[in-house]
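Structure first, commentary second.
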Amino acid sequence: MIRSMTGFGKGSSRFRDGRITLEIKTVNHKFFDTTLKLPETISIFEDRIKEALQKKIKRGKVNLNLIYDGTVSRYEKVCINKNVAKSYRDELSRLKRHLGLKEDVGVKEIVALPGVLNYEVREKGL
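Taking our numbering, the leading residue of the sequence shown gets -12, the next gets one more, and so forth.
What follows is the structure in structure tokens.
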């Protein structure tokens, strides 16, 4: 088990759906502290990643950055929160009228807003 360390590591792995790159930087620190930067589709595993790190590293500051370049995995399902999308549409329509704008708000704009698209990950191998 690692007690304390200062270091940097970077690794990449290519797979059928894309590429994952992991960067980890650690510095000596009195207590265990983590900062994770994860893609939204993987962020649901943040607590599990922190727990796994803490099992191996007793103390120190750990910065972990995971970069995912690829398509949505076959183990994921994209879900649209229709209630949130409708609420955005209604509010944006009111704002459009209030400001006297002519442009319509399209689906592209609405799905880009927070909380409209959600991802369900079927845990396989994690």
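Cβ coordinates follow ideal geometry from the N, Cα and C atoms, glycine included. It should be emphasised that the depicted structure is a prediction, and the values quoted were computed from it without experimental measurement.
Between residue i and residue j, how many whole angstroms is the CB-CB distance? I'm expecting something under 8 Å.
i	j	result
N68	N105	6 Å
S0	I7	5 Å
L9	G(-2)	5 Å
Tell me whether residue i sits in a helix, a strand or coil according to DSSP, three-state version.
i	result
D20	strand
L113	Annotation note: pLDDT 44 at L113 (below 50); position unreliable, coordinate value reported separately. If DSSP states are grouped into helix, strand and coil, L113 belongs with coil.
V98	helix
D3	For clarity, residue 3 is Arg in the given sequence; the question names Asp instead. R3: coil per DSSP, three-state reduction.
Compare the C-alpha of residue i against each of the options and name the closest.
i	options	result
G87	K37, Y75 and L79	L79
A153	H85, G93, Y55 and N52	Examination of residue 153 is not possible in this model, given that the chain is present from -12 through 113 alone.
P101	L40, F19, S74 and A39	S74
K43	T21, Y55 and K89	T21
D4	R84, D56, E33 and A39	D56
V65	E107, F19 and F18	E107
E38	F19, E90 and D91	F19
Check whether the Cβ atoms of residue i and residue j lie closer than 8 Å to each other.
i	j	result
H16	G(-4)	no
I29	L53	yes
Any chance you could list the alpha helix (DSSP H) runs of at least 4 consecutive residues sitting entirely within the stretch 7 to 94, in chain order?
-> 33 to 43 and 69 to 86
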